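Residue numbers (the working numbering): 1 to 621. Idealized CB from N, CA, C, for every residue including glycine. Being a predicted model, the structure only gives us computed values, none of them experimental.
1) Is the distance from the Cβ of residue 405 to the Cβ of residue 385 below 8 Å?
2) Taking contact to mean at least 3 C-beta pairs separated by less than 8 Å, is the stretch 500-511 in contact with the stretch 472-487?
3) On the three-state DSSP scale, how would you describe residue 534?
4) Excluding sequence positions up to five away, which residues of its chain have a Cβ less than 8 Å from the Cβ of residue 580?
5) Give me whichever residues DSSP pairs with residue 358 in a beta bridge.
6) Going by DSSP in three states, residue 427 sits in which element: helix, strand or coil?
7) Name the DSSP beta bridge partners of residue 279, please?
8) When the Cα atoms are used, what is the spatial distance from residue 140 to residue 307?
9) According to DSSP, what are the bridge partners of residue 517?
10) Thinking C-alpha only, which one of 289, 457, 317, 394 is nearest residue 341?
11) Between which two residues does the alpha helix (DSSP H) carrying residue 142 extend?
12) How long is the line joining the alpha carbons of residue 599 and residue 170, rounded to whole angstroms?
13) Is the CB-CB distance between residue 549 and residue 602 below 8 Å?
14) Does the beta-carbon of residue 360 have 16 or more other beta-carbons within 10 angstroms, so that it is buried, or is it exposed?
15) Take residue 217 and list the residues in its own chain whose beta-carbon comes closer than 7 Å to its own, dropping the five residues that flank it on each side.
16) Could you name the residues of the same chain whose beta carbon sits closer than 8 Å to that of residue 312, not counting the 5 residues immediately before and after it, in chain order?
17) In terms of DSSP beta bridges, what is residue 413 paired with?
18) Does residue 465 pass the burial test, meaning 16 or more other C-beta atoms within 10 Å, or should it be called exposed?
19) Specify whether the stretch 89-96 and the stretch 105-112 touch according to this definition: at least 3 beta carbon pairs, one from each stretch, less than 8 Å apart.
20) Mind checking if residue 199 is an interface residue toward chain B, Cβ cutoff 8 Å exclusive?
21) Which runs of the beta strand (DSSP E) at least 3 residues long sit entirely within the stretch 449-488? Give them in chain order.
22) According to DSSP, simplified to helix, strand and coil, what is residue 618?
23) Who are the near neighbours of residue 488 in its chain, counting only those whose CB is closer than 6 Å to its CB and skipping five residues on each side?
24) By DSSP, does residue 209 sit in helix, in strand, or in coil?
25) Would DSSP call residue 80 helix, strand or coil?
26) Is there contact here, the stretch 417-433 with the stretch 351-371, by at least three beta-carbon pairs under 8 Å?
27) Three Cβ pairs or more, each shorter than 8 Å: is that satisfied between the stretch 439-456 and the stretch 334-349?
28) Distance, Cα to Cα, residue 212 vs residue 220?
29) Which residue comes first and which comes last in the alpha helix (DSSP H) that contains residue 248?
30) Is the stretch 175-187 touching the stretch 147-154, taking contact as three or more C-beta pairs under 8 Å?
31) Within the stretch 143-225, note down every full alpha helix (DSSP H) run reaching 4 residues or more, in order along the chain.
32) In the structure shown, what three-state DSSP assignment does residue 120 receive?
33) For residue 227, which residues in the same chain have their Cβ closer than 6 Å to its Cβ, ignoring the five residues on either side in sequence?
34) How close, in whole Å, do the beta carbons of residue 287 and residue 297 come, if the pair is a contact with beta carbons under 8 Å?
35) Smallest Cα separation from residue 183: which of 335, 574, 429, 321?
36) In this structure, what does DSSP give as the bridge partners for residue 564?
Right, here's the structure in full:
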C-alpha cells in the first residue's frame, strides 16, 4: 500500500491523473510538491563557430569542437562524483573577464572563448537573467548569434525575453528559429513579437529572412529591398552585417533559382563591392561561372565529420529521420532534358554508390546518396579521429558520349563510434538538432547489458523482469539498486552535453558498466538500454545542459496506463530510488511550467518512436 501511494503521488506531479484503486486498497492522497532538483555542477560545452556560409559544402565540424580522444572507459575515478570545477567567486571573475572581452570591437573579440567561459559560469552563479548579469547575457546572446549556435541561442533568447522583456532583443529568438529550420514556429513567433515590439527594426529584417528561408523566391525578391532599407537603421554592427550578408545572399539565390543569371551576375558584383574578399562572395562567383559552363547549378551538403556510431542511420529514402550522407539539389538552366549520373564515395572507407537521373528542362531535383561502408572496414577498431577524402562526381550522358560536369574531392574527418554528433546540416543556413542519434547508443542487446540484467533480476519481484506485464517501478528500482551496489557514480565531463556542444564523446553502455562511472547522458543511455532490454518503453529527456530518463508506467503501478515516470540518473551513487524519481518529476514539471517543451528548448525522445522511424542500435558491440 505504501508503495502505491508513493507511485500515485509521483505520477500526479506530471500527469495530473488519478490513481486507480488496487484490489484491497484505497485511493492515494493528493500529491505533494516534489523537492527541487539539486543544482547541477557547471558544465563547459565546446564553443561552436559559425557554420559555413556556402550553399554547397561539407557540413563541417566547428573549429575547436573536435571530440576528445576516445575513452578507454577507465580514465575517470569510479568512487565519489567529481566536484564542480568552478567556485562561485571564480565564476564571477570569469563573467567579468568575458564581458570585458566582449567590449572589444566586433572583429577583435573572441566569441568562441566568451561562450566557453559564460555558459558554465552563468549556470553556476546566475542561471536566470537578472539586471546584475544582463551585460553577460547580452554578450553570450550576441556571440551565440555570431557563431551560429542556434539551439543555445534559442534557450538564452527565451530566458531573456521571459526575464526582462523590455530589454530583450526579439531578433535573436527569430533568427535562432530560422537557423534551426523551424519556419512555422518562427513565423508565429515573429507575428507575436511584432505586436509587442512594433518598432523593432531588427525584428523586421528577420521577417524578410523567413520569406527567403522558405524558398518563396518571387516573394523573397520583393522583400529583399525593404529588408536592406531596414538594415541601415540597425545599430548593432554584428547584426547589421548578418542582415546585409544574408539578404544579399538570399536575393542572389532567388535570382539564381528563377533562372535570371544576368541579374545574378550583377547581384554578386554588387556584393563584391560591399564585402570585398568575403569567402562567400568568392564562392558565389565560382558557382555562377560553373552554372553557365555546365548549364546547371548544384547545391550540395555532405555530413561531416562522418560519425561511425551513427553511420548506419543514414538513409537515401526521402523523409528518413537521419537523412542521407550527401544531398545534391540540382537546378537546370539547359533548354533540353538531361541524363545525369551522380556518384559518391569515402575513399578507403566506403564503396562507391551512384544514381542516374533525368533532370528535366529548366527543372529541379534532389538526389540523396549514402555510400555503404566497406564490408571489411573495422568500425570498432577506429579509436581516434582520422582524415579521409570524400569524392563526388556528376557526369552528363550525352549523344556524343559522357561529359564530366562536376568532380570534387574534399577532406573530411571520420569520428570513432563513441563520438555522438548532435546536429545535422540540411541546407546552407539551416542546422538542426540530431538528437535522434542518441537512439543508436541505446544498445539493449549488448552482452554486458544481458549479463548485468541477469544479476539485477535477483532484486526484482519474483526474481524476474516482466516488462509492462506487471509493476514497472519495482523493476526499474531493481536496476537502480544493482547499479548502486556496483558503485556506479556520476562524473563531470568538460565535453558534457549542452546546447552549444555539437559533438560529445559518449561511451556505450557496455563501457559504462565496465568503468562504473557515467556523465549524465551516458547514465541516461545506460538506463534506457536496460529498460528497453526488459520490455519497458524508455523516454530520453533533454533539458538545457542536462539529460535524464523516464519510462511509461502501467495500471499495475497504480497509475493510468502509459503515464510517464522519470528518474534522475545522476543520483544513482548514493540516493534512494524514489527520491531520484521525485527530483526528476519535479524537473519535468519545472520545464513544462516554463513552456520549454512546447518551445523546443527542452525535448523528450520516445525511444519506441525512434525505433519505428529507423533509429536502430549500433550494429557492432
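Straight from the coordinates:
1) no
2) no
3) coil
4) 480, 567, 568, 569, 571, 572
5) 339
6) coil
7) BP columns for residue 279 are empty, so no partner.
8) 29 Å
9) 489
10) 394
11) 134-147
12) 15 Å
13) no
14) exposed
15) 254, 257, 258
16) 440, 616, 618, 619
17) 387
18) buried
19) no
20) The displayed structure is made up of one protein chain only, and chain B is not part of it.
21) none
22) coil
23) 516, 572
24) helix
25) Any reading at residue 80 must be qualified, since the residue scores a pLDDT of 38, below 50, and its modelled position is unreliable; no value is offered.
26) no
27) no
28) 5 Å
29) 237-257
30) yes
31) 150-163, 170-179, 183-196, 201-213
32) helix
33) 205, 208, 247
34) 7 Å
35) 429
36) 552
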